[in-house]
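Residue numbers (the UniProt record's numbering): 1 to 141. All C-beta atoms, glycine included, are put in the ideal place defined by N, C-alpha and C. Just so we're clear, the structure is a prediction, and the values are computed from it rather than from any experiment.
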C-alpha cells in the first residue's frame, strides 16, 4: 500500500519550500501535494468530476487567496467525503479569533509557524509523527 499524500494549502512559495524541506529533513516520505489557494484545495478534495485527492493529512493556512482557509475548513467538514480528514491549521496568525474560529469549524489542531527554521523542522517532525504514525484515522466512508 502506498502512503497517502499530504495536502499543503499554502500560497507563500517560501513557506511551501520550507515545509517540504522540513518533511524531507524529518524523513517523512509522503508526497506533498500543494494547493496555492483555497479554491484549488477544494477542487482537489471535492472535484465536480474525477477522482478526489484523499490525503492522510491537510495542512491548511488561514490567509489564502480566492477562498480563505476558514471557508475551506468549513466546506471540508460540511461534506461527507472529507468530514473525517485530519486538518491541521498551520499559520503565522496569532489572532485569538483565528484559533477560536478554526476549532469551532472543526480543525483537529492549530499550529503557529515558528519563524526559526530549526524550530519549524521540529514542529513538522512532531506533526508528522503524530498524524502520520501515531493517530488512527477514521475509516473513509
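Three-state secondary structure assigned by DSSP to residue i
| i | result |
| --- | --- |
| residue 72 | helix |
| residue 1 | In this predicted model, residue 1 has a pLDDT of only 46, less than 50, meaning its place in the structure is not dependable; the value taken from the coordinates is given anyway. In this structure, residue 1 counts as coil in the three-state DSSP scheme. |
| residue 97 | helix |
| residue 59 | strand |
| residue 49 | coil |
| residue 136 | coil |
| residue 124 | helix |
| residue 13 | helix |
| residue 27 | coil |
Local Cβ density within 10 Å of residue i, reported as buried at 16 or more and exposed below that
| i | result |
| --- | --- |
| residue 27 | exposed |
| residue 86 | buried |
| residue 10 | buried |
| residue 49 | exposed |
| residue 1 | Note that residue 1 scores 46 on pLDDT, short of 50, meaning its location in the model is unreliable and no value can be drawn from it. |
| residue 17 | exposed |
| residue 37 | buried |
| residue 13 | exposed |
| residue 120 | buried |
| residue 91 | buried |
| residue 72 | buried |
| residue 58 | buried |
Residues bridged to residue i [DSSP beta-bridge criterion]
| i | result |
| --- | --- |
| residue 87 | 58 |
| residue 109 | 88 |
| residue 6 | 32 and 57 |
Beta-carbon contacts of residue i that lie in its chain and below 6 Å, excluding the five residues immediately before and after
| i | result |
| --- | --- |
| residue 84 | 138 |
| residue 46 | 79 |
| residue 104 | none |
| residue 128 | 26 and 28 |
| residue 82 | 45 and 76 |
| residue 65 | 11 and 37 |
Contacting residues, own chain, Cβ-Cβ under 7 Å from residue i (five flanking each side not counted)
| i | result |
| --- | --- |
| residue 124 | 19, 22, 23 and 26 |
| residue 35 | 7, 9, 41 and 44 |
Cβ neighbours of residue i in the same chain (closer than 8 Å, five flanking residues each side left out)
| i | result |
| --- | --- |
| residue 94 | 112 |
| residue 68 | 38 and 62 |
Nearest-angstrom Cβ-Cβ length linking residue i and residue j, presumed shorter than 8 Å
| i | j | result |
| --- | --- | --- |
| residue 5 | residue 60 | Between residue 60 and residue 5 the Cβ distance is about 14 Å, and since that is not below 8 Å, they are no contact. |
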